[in-house]
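Those sequence lines, one after another, are chains A and B.
Take 1 as the starting number for the first sequence in the working numbering and just add one per residue.
Take 295 as the starting number for the second sequence in the working numbering and just add one per residue.
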Amino acid sequence: MEQFMQQMINGFSLGSIYALIALGYTMVYGIIKLINFAHGDIYMLGAFAGFFAISAFHLGFIPSLIISMAICALAGMFIEKVAYKPLRTAPRISMLITAIGVSLFLENGGLLVFSPSIRTFPTIFPVKTYSIFGGIVKLTVKDIVVFLVMIVMLIILQYLVYRTKIGKAMRAVSFDKDAAGLMGVDVDTTISYTFAIGSALAAVAGVLVGIYYNSVWPLMGIMPGLKAFIAAVLGGIGIIPGAVLGGLMIGVIETLVAGYGNSLYRDGVAFAILIIVLLLKPSGLLGKNEREKV
Amino acid sequence: MERNALKKDFMVLIAIVIFYAVIQVLMQTGVIGPYYSLNLILMCINIMLAVSLNLINGFLGQFSIGHAGLMSVGAYTSAILTYYYDMPLAVALIVGALSASLAGLIVAVPTLRLKGDYLGIATLGFGEIIRVFFLTNDTVGGAKGFFGIPKLTTWTWAYFVMVLTIVVIKNFINSSYGRSCIAIRENEIAAEAMGINTTRYKILAFTIGAFFAGAAGALYAHNFYTIQPEQFNFMKSFDIMTMVVLGGQGSITGSIVGAVAVTLLNAALSSLAALRMVIYSLLLIIMMLFRPQGLFGITEFTIDQVLGRRGRLGKSA
Numbered sequence: 001m002e003q004f005m006q007q008m009i010n011g012f013s014l015g016s017i018y019a020l021i022a023l024g025y026t027m028v029y030g031i032i033k034l035i036n037f038a039h040g041d042i043y044m045l046g047a048f049a050g051f052f053a054i055s056a057f058h059l060g061f062i063p064s065l066i067i068s069m070a071i072c073a074l075a076g077m078f079i080e081k082v083a084y085k086p087l088r089t090a091p092r093i094s095m096l097i098t099a100i101g102v103s104l105f106l107e108n109g110g111l112l113v114f115s116p117s118i119r120t121f122p123t124i125f126p127v128k129t130y131s132i133f134g135g136i137v138k139l140t141v142k143d144i145v146v147f148l149v150m151i152v153m154l155i156i157l158q159y160l161v162y163r164t165k166i167g168k169a170m171r172a173v174s175f176d177k178d179a180a181g182l183m184g185v186d187v188d189t190t191i192s193y194t195f196a197i198g199s200a201l202a203a204v205a206g207v208l209v210g211i212y213y214n215s216v217w218p219l220m221g222i223m224p225g226l227k228a229f230i231a232a233v234l235g236g237i238g239i240i241p242g243a244v245l246g247g248l249m250i251g252v253i254e255t256l257v258a259g260y261g262n263s264l265y266r267d268g269v270a271f272a273i274l275i276i277v278l279l280l281k282p283s284g285l286l287g288k289n290e291r292e293k294v
Numbered sequence: 295m296e297r298n299a300l301k302k303d304f305m306v307l308i309a310i311v312i313f314y315a316v317i318q319v320l321m322q323t324g325v326i327g328p329y330y331s332l333n334l335i336l337m338c339i340n341i342m343l344a345v346s347l348n349l350i351n352g353f354l355g356q357f358s359i360g361h362a363g364l365m366s367v368g369a370y371t372s373a374i375l376t377y378y379y380d381m382p383l384a385v386a387l388i389v390g391a392l393s394a395s396l397a398g399l400i401v402a403v404p405t406l407r408l409k410g411d412y413l414g415i416a417t418l419g420f421g422e423i424i425r426v427f428f429l430t431n432d433t434v435g436g437a438k439g440f441f442g443i444p445k446l447t448t449w450t451w452a453y454f455v456m457v458l459t460i461v462v463i464k465n466f467i468n469s470s471y472g473r474s475c476i477a478i479r480e481n482e483i484a485a486e487a488m489g490i491n492t493t494r495y496k497i498l499a500f501t502i503g504a505f506f507a508g509a510a511g512a513l514y515a516h517n518f519y520t521i522q523p524e525q526f527n528f529m530k531s532f533d534i535m536t537m538v539v540l541g542g543q544g545s546i547t548g549s550i551v552g553a554v555a556v557t558l559l560n561a562a563l564s565s566l567a568a569l570r571m572v573i574y575s576l577l578l579i580i581m582m583l584f585r586p587q588g589l590f591g592i593t594e595f596t597i598d599q600v601l602g603r604r605g606r607l608g609k610s611a
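Written out as structure tokens, the structure reads:
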């Protein structure tokens, strides 16, 4: 029981990180129907930005987080402008190939600039463990930070999407790009903002991973990027609560598989669950089944 | 007209044999060194992979990114046969290809209900599951890789299996089956309404594509002495997809050019180490920005076009 609860806590921490990356995937997919493979590498960029802010400039947690978010938001907007925007009318697969190209560029550029070695993230939170429910559940400070940041980010995102003008524009564009344009929504700006917000969330995930696992390296974005995408599809891509649900599910399942079975099976199980869910519910757990128009 | 076509086919056959013989003689006399022969064989394997994926992605219009997984099934199955049972390459090749097509069938049947990106993700998932399967299987070396596979792939094998692949897929596309596949690509609902059994053609194309991916995998395994599960991850699938998209989806000659270009580029940049992938990715992005439909689009490159005669232009001549 104790071990199970502990695995659940670890799973939720990992899942929260996946969920933050998945939110960016889901928002970008919802708005321009692009699987932005470079998103996982934006997360890597965020982790490095946080790493340098903390270790080289000795900033605190919150300022580092904000700097990392700003850098990634700019990077996301820049990538969209240079690589994706010219391809809006091109076949969808060309945009996907471009996204893969950007991803490879960031990974290998990262290897060149940051060197392939794994860097140790400085410890910024006290290593302390709290026992609750009479010692059944042990929470570390890191776990608490991850949960808190995740919840704060979700509240901010919810506010942005449902209470602000830009959120309204985003929802309109994702519903119908052409109609939104006709109604006076600046589609390009809205897409730009979507990339900025999604990338900023990935940056948060990057910094949190740095704090949680104490290490950053240029290829760290590949697998989490893919897992987060699975999470987004699992919950129903384009749906914000779906991304959170999917992220938490993948995180918990993965931790349980690694904890009770063979950690090598971890990646396979995540994909197997995805395929089963897609077969039963092709539009994801929270997705609505749309009838195809002839 | 009939005689003309026959004459043309005969000339193509002669050209194929002459090309083979020239390279073979050059290899035997040592004009083409081991490094270049390795890349020539790799080129043949890449052409097989690109052409077979193009059947699924380009002609059937189904977005599949699990090709490397199918390739690994062929590679591992054939390697087991030659390593543990001393089978000749021909048997290993055929069994490897068949088991890959079986895997393709297993992937195709449940996932065919999915469309577009969802199908892509499901095939990617299957590819990764296959990778994890080999990763956790100790009889084939697990994560360390499968060592000691006999080096049986020669230029002759690679070249003629490649020619066979192209001929079979080209004829498939030009048959009524291929026409049905193209109809499905253009509009699945309309094709269904016209009485085309879409499921049947999808399964057929997936199985054929997987068959040749498996054959390519078998040649690959017997060219390199060792294979590792990591070599068949989704990056490899992307690599194959890049060849197809670069050449043009829906063009066999395009796929061949794409595969040759990617192989040459990889070989040319190999001395640059980390910089290589940066240049490669930049070229990929630039290529997509300026020619998103690929080099050839859906047109085929024919000898008639070169000679300035009005040939069978248009889709899949």
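Every residue, glycine too, gets a C-beta built ideally from N, C-alpha and C.
Keep in mind that this is a model prediction, so the values were computed, not measured.
Cα-Cα separation between residue i and residue j, rounded to whole angstroms
| i | j | result |
| --- | --- | --- |
| residue 72(A) | residue 97(A) | 21 Å |
| residue 271(A) | residue 230(A) | 7 Å |
| residue 573(B) | residue 9(A) | 42 Å |
| residue 308(B) | residue 324(B) | 24 Å |
| residue 213(A) | residue 503(B) | 42 Å |
| residue 141(A) | residue 122(A) | 15 Å |
| residue 405(B) | residue 284(A) | 14 Å |
| residue 417(B) | residue 132(A) | 43 Å |
| residue 462(B) | residue 347(B) | 14 Å |
| residue 239(A) | residue 286(A) | 8 Å |
| residue 160(A) | residue 190(A) | 13 Å |
| residue 445(B) | residue 312(B) | 25 Å |
| residue 92(A) | residue 145(A) | 39 Å |
| residue 373(B) | residue 350(B) | 26 Å |
| residue 188(A) | residue 589(B) | 29 Å |
| residue 170(A) | residue 164(A) | 10 Å |
| residue 39(A) | residue 26(A) | 11 Å |
Member of the options whose CA lies at the smallest distance from the CA of residue i
| i | options | result |
| --- | --- | --- |
| residue 412(B) | 245(A), 113(A), 278(A) and 163(A) | 278(A) |
| residue 403(B) | 536(B), 512(B), 492(B) and 590(B) | 492(B) |
| residue 483(B) | 409(B), 499(B), 349(B) and 576(B) | 409(B) |
| residue 322(B) | 365(B), 449(B), 545(B) and 577(B) | 449(B) |
| residue 195(A) | 269(A), 218(A) and 43(A) | 43(A) |
| residue 443(B) | 460(B), 310(B), 427(B) and 386(B) | 386(B) |
| residue 480(B) | 592(B), 301(B) and 305(B) | 592(B) |
Boundaries (first-last residue) of the beta strand (DSSP E) holding residue i
| i | result |
| --- | --- |
| residue 131(A) | 129 to 132 |
| residue 137(A) | 137 to 140 |
Any C-beta of chain A under 8 Å from that of residue i
| i | result |
| --- | --- |
| residue 587(B) | yes |
| residue 244(B) | Lying outside 295 to 611, the shown extent of chain B, residue 244(B) is not represented and no answer is given. |
| residue 448(B) | no |
| residue 609(B) | Annotation note: pLDDT 42 at residue 609(B) (below 50); position unreliable, coordinate value reported separately. Judged by the 8 Å Cβ criterion, residue 609(B) is not in contact with chain A. |
| residue 549(B) | no |
| residue 423(B) | yes |
| residue 565(B) | no |
Short CB-CB distance (under 8 Å) between residue i and chain B
| i | result |
| --- | --- |
| residue 303(A) | Any question about residue 303(A) goes unanswered here, given that chain A covers just 1 to 294. |
| residue 122(A) | no |
| residue 267(A) | yes |
| residue 373(A) | The displayed coordinates of chain A run from 1 to 294. Any statement about residue 373(A) would go beyond what the structure contains. |
| residue 100(A) | yes |
| residue 224(A) | no |
| residue 109(A) | yes |
| residue 114(A) | no |
| residue 278(A) | yes |
| residue 274(A) | yes |
| residue 233(A) | yes |
Distance cut-off 7 Å: residue i Cβ against heavy atoms of the ligand GDP
| i | result |
| --- | --- |
| residue 361(B) | With respect to the ligand GDP, the structure shown offers nothing to examine, as it has no ligands at all. |
Contacts around residue i, its chain only, beta-carbon distance under 6 Å, and the 5 residues preceding and following it disregarded
| i | result |
| --- | --- |
| residue 203(A) | 46, 68, 69 and 72 |
| residue 20(A) | 201, 204 and 205 |
| residue 245(A) | 235 |
| residue 530(B) | 362 |
Where the alpha helix (DSSP H) through residue i begins and ends
| i | result |
| --- | --- |
| residue 328(B) | 328 to 348 |
| residue 207(A) | 187 to 213 |
| residue 92(A) | 92 to 114 |
| residue 39(A) | 39 to 55 |
| residue 271(A) | 266 to 280 |
| residue 224(A) | 222 to 235 |
8 Å Cβ shell around residue i - same chain, five flanking residues per side excluded
| i | result |
| --- | --- |
| residue 536(B) | 552, 556 and 578 |
| residue 13(A) | 142, 143, 146, 147, 212 and 251 |
| residue 546(B) | 345, 348, 460, 463, 464, 467, 594 and 610 |
Close beta carbons around residue i, own chain, < 7 Å, minus the five adjacent residues each side
| i | result |
| --- | --- |
| residue 181(A) | 187 |
| residue 48(A) | 114 and 216 |
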